[in-house]
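662 is the number of the first residue of the sequence shown in the working numbering; add one for each residue after it.
Structure first, then comments.
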Amino acid sequence: MSVSLTKARTLVVDDFQGMRTILRDIVRAMGVTHVDTAANGREALNLLRGSRYDVVICDFNLGPGLNGQQVLDEARLHDYIGVSTIWVMVTAEKTAEMVMGAAEVKPDEYLLKPINQSILESRLERLIVKKQALRGIEEAIKAKDYAAAIDRCDQLLHAEAAKHPEILRIKSDLQLKVGDYDGAKALFESILAARSVPWARTGLGKVYFHKGEYDNARNTFQQVLDENRMFIEASDWLAKTFEALGERGRAQQVLLDAVKLSPNSASRQKVLGETAHKNGDLGVAQAAFERTIKISEFSSNKNPTAYVALAKVLSESDAPDEALKVLTRTKGVFKDSTDVAIQAAAVESAVYRKTGQQDLSDAAMAQAEQLLASQPGKLSQDTAIEVAQAMLALGRKDQAFGLMRDLVKNHHEDTQLSNKVEELFEQAQMGAEGRSLIAESREEVIQINNQGVMLAKQGQFAEGARLLRTALQNLPGSEVVMMNLCGLLIGQMRAEGKSDALMTEVMELLERVRELNPMNDKARQYMSALHPSGGRGPG
662 MSVSLTKART
672 LVVDDFQGMR
682 TILRDIVRAM
692 GVTHVDTAAN
702 GREALNLLRG
712 SRYDVVICDF
722 NLGPGLNGQQ
732 VLDEARLHDY
742 IGVSTIWVMV
752 TAEKTAEMVM
762 GAAEVKPDEY
772 LLKPINQSIL
782 ESRLERLIVK
792 KQALRGIEEA
802 IKAKDYAAAI
812 DRCDQLLHAE
822 AAKHPEILRI
832 KSDLQLKVGD
842 YDGAKALFES
852 ILAARSVPWA
862 RTGLGKVYFH
872 KGEYDNARNT
882 FQQVLDENRM
892 FIEASDWLAK
902 TFEALGERGR
912 AQQVLLDAVK
922 LSPNSASRQK
932 VLGETAHKNG
942 DLGVAQAAFE
952 RTIKISEFSS
962 NKNPTAYVAL
972 AKVLSESDAP
982 DEALKVLTRT
992 KGVFKDSTDV
1002 AIQAAAVESA
1012 VYRKTGQQDL
1022 SDAAMAQAEQ
1032 LLASQPGKLS
1042 QDTAIEVAQA
1052 MLALGRKDQA
1062 FGLMRDLVKN
1072 HHEDTQLSNK
1082 VEELFEQAQM
1092 GAEGRSLIAE
1102 SREEVIQINN
1112 QGVMLAKQGQ
1122 FAEGARLLRT
1132 ALQNLPGSEV
1142 VMMNLCGLLI
1152 GQMRAEGKSD
1162 ALMTEVMELL
1172 ERVRELNPMN
1182 DKARQYMSAL
1192 HPSGGRGPG
């Protein structure tokens, strides 16, 4: 459906009543009939959650609470807005820190107050024409049909004489999302053949990174920064690349340089804290974690690992009382999360142990284990590793090994996780045992999956299904086992005829996979094929 400027649903966000009125009247003078207003970030997000807006005009400085950058971040994170939404950021001041922050979240337009009606109207008219073409892409992305979204991008690119940079960028993001690294590489190289574009060269670096070509990735990200020091996204990826290359000192320096330029990214501050902590630089780690918590204070997207990590840093800095205060605060902020309660109890146990309060340490660990028993197969990776670390410190080797064995089996294809588990054992002076545990756990799952696939190829679907169902009882979080079982059951229905019981089982498995990983494209394809509106299905 085409939306003209006069019919565009518009949201104005400003903390001053007078400015909200002025902006609302300016927009109405353009002929816009539907205009809502919000006085702060939280009110804006509530409105965005409940309605789909075509245009958002948002002040950067919204007083206490979320600022405009954070509102845009959260709106994107929760899919309250799509690629066709126009976001105009306005402000009365122009500090370097604020401009860098706003530039990072990439609004469609950035205007200084006072707002001139003719300028705003001309910008919106231009943007709304450009954004209309993106509605089909947005619908496909919202349905998580990324192949259809890429096809729609191609249709638009073929229809235009000039290749629109925004469509190229959306297409490349989608290609990276679905793991089409060869396609993304070809697209980035075609753009760069014409001229050096920072986002395209950064995208090429991401391709190299994902393919494990870390030297090429490092050189590519460094070239971006040599040409444009202010393109901070390249700094984040350069730091990740140095981390992958084992050069954590250089990773930390890159992040330190980046936060000097743009200090208000909670995710970047958190990564800096984690990197500095691994490097033993407790002062930098503490400052970065404190900054992460401060930036996210009013956000619904607070990250509990920053709180827990700060407590660990304080404990290691011989400030146990401060560490315990942070943990108490953590449990209050995330009071509805059993996962966080387990992490906090595990770290409390370590803090008390370090101060020689063994009884309190044992009591905290007992609480963690009790909570652990109530969450079978539901622990986050961070929590499982945190608890295992505390168990190893308390000499509970068998429990720690069992926890890590289950974690690796449930995520046996996750190389980054395996690296974290290996690092955990290295820190506990058990590197060889840890590597053996990881290798054996991964091999066990691979063998089970291979056996199930082999049975299916031999037409022994019932036997294969029994094998994978048993495996899934022991590995309730294994995305790979669930998907293989889905494929086997679909194959059984194709061979033997549709079964309501098997259909129900497959759909339940696919829902579990989507909860674990919304990006699983194979699960989406299965879901589309099996859904009543998706055609014939397996029968």
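Positions of the beta carbon are idealized from the N, C-alpha and C atoms, including for glycine.
If we call anything under 8 Å between Cβ atoms a contact, is residue i one with residue j?
i: Val696; j: Arg689; result: yes
i: Leu1136; j: Lys1070; result: yes
i: Ser978; j: Leu943; result: yes
i: Val885; j: Thr863; result: yes
i: Cys814; j: Lys832; result: yes
i: Arg962; j: Leu709; result: Strictly speaking, residue 962 in this sequence is Asn, with Arg absent from that position. No, the Cβ-Cβ distance between Asn962 and Leu709 is not below 8 Å.
i: Asn701; j: Asp720; result: no
i: Met1143; j: Val1174; result: yes
i: Leu829; j: Leu848; result: yes
i: Ile954; j: Ala946; result: no
i: Leu1116; j: Arg1130; result: no
i: Gly692; j: Leu727; result: no
i: Val766; j: Leu818; result: no
i: Leu1032; j: Ile1003; result: yes
i: Ala669; j: Ile789; result: yes
i: Gly1138; j: Leu1177; result: yes
i: Thr752; j: Leu773; result: yes
From the DSSP secondary-structure annotation, give me the bridge partner or partners of residue i.
i: Leu772; result: Val751
i: Ala699; result: Val674
i: Cys719; result: Val674, Met750
State the Cα-Cα distance for the pair residue i and residue j, rounded to the nearest angstrom.
i: Met1065; j: Ser1102; result: 9 Å
i: Glu1030; j: Gly1056; result: 14 Å
i: Lys996; j: Ala757; result: 37 Å
i: Ala808; j: Asp1059; result: 45 Å
i: His825; j: Leu988; result: 49 Å
i: Asp1161; j: Ser896; result: 52 Å
i: Ala854; j: Phe882; result: 17 Å
i: Arg681; j: Asn925; result: 26 Å
i: Gln1077; j: Arg1127; result: 31 Å
i: Arg685; j: Asp715; result: 15 Å
i: Ser783; j: Val674; result: 20 Å
i: Asp982; j: Glu951; result: 16 Å
i: Lys656; j: Ser1079; result: Since the displayed the chain opens at 662 and closes at 1200, residue 656 lies outside it and no answer follows.
i: Glu1105; j: Val920; result: 43 Å
i: Leu1133; j: Leu1098; result: 20 Å
i: Gly1200; j: Leu1149; result: In this predicted model, Gly1200 has a pLDDT of only 47, less than 50, meaning its place in the structure is not dependable enough to derive any value.
i: Ile776; j: Ile683; result: 9 Å
i: Ala970; j: Asp1000; result: 15 Å
i: Gly724; j: Ala878; result: 40 Å
i: Ala1061; j: Ala1093; result: 15 Å
i: Ile635; j: Gln778; result: As displayed, the chain neither begins before 662 nor continues past 1200, which places residue 635 out of reach and without an answer.
i: Glu770; j: Leu1040; result: 41 Å
i: Glu1166; j: Gln1186; result: 16 Å
i: Asp887; j: Met750; result: 28 Å
i: Ala801; j: Arg1014; result: 53 Å
i: Val974; j: Arg929; result: 18 Å
i: Trp898; j: Tyr842; result: 16 Å
i: Met1164; j: Val1114; result: 19 Å
i: Asn707; j: Pro768; result: 20 Å
i: Ala1100; j: Ile811; result: 37 Å
i: Ser857; j: Glu754; result: 31 Å
i: Lys1159; j: Asp806; result: 25 Å
i: Glu827; j: Ala861; result: 11 Å
i: Phe959; j: Gln731; result: 9 Å
i: Trp748; j: Thr671; result: 10 Å
Skipping 5 residues on each side, what residues in its chain have a beta carbon closer than 8 Å to that of residue i?
i: Glu904; result: Ala912, Thr936
i: Leu837; result: Ala845, Gly864, Lys867, Val868, His871
i: Glu850; result: Leu865
i: Ala1123; result: Gln1153
Take residue i and list the residues in its own chain whose beta-carbon comes closer than 6 Å to its own, dropping the five residues that flank it on each side.
i: Ala1054; result: Ala1011
i: Glu799; result: Gly743, Val744, Ser745
i: Gly1095; result: Glu1083, Phe1086
i: Asp1043; result: Thr966
i: Thr1016; result: Pro981
Against chain B, does residue i count as a neighbour if the rule is that its beta carbon must be under 8 Å from one of theirs?
i: Phe1086; result: The question asks about chain B, but that chain is absent: this structure has only one protein chain.
With respect to 7 Å, is the separation between the Cβ of residue i and the closest non-hydrogen atom of the ligand MG below this value?
i: Gln913; result: Although the ligand MG was asked about, the structure shown includes no ligands whatsoever.
So, at 7 Å on beta carbons, what are the nonlocal neighbours of residue i in its own chain, with the 5 sequence-adjacent residues on each side left out?
i: Met662; result: Any reading at Met662 is ruled out, since the residue's pLDDT is 40, under 50, leaving its predicted position unreliable.
i: Asn940; result: Arg909, Gly910, Gln913
i: Glu1172; result: none
Okay, do the stretch 1047–1063 and the stretch 1005–1013 touch, 3+ Cβ pairs below 8 Å being the bar?
yes
Count the CB pairs spanning the stretch 791–799 and the stretch 730–747 that are closer than 8 Å, and state whether there are at least three.
yes
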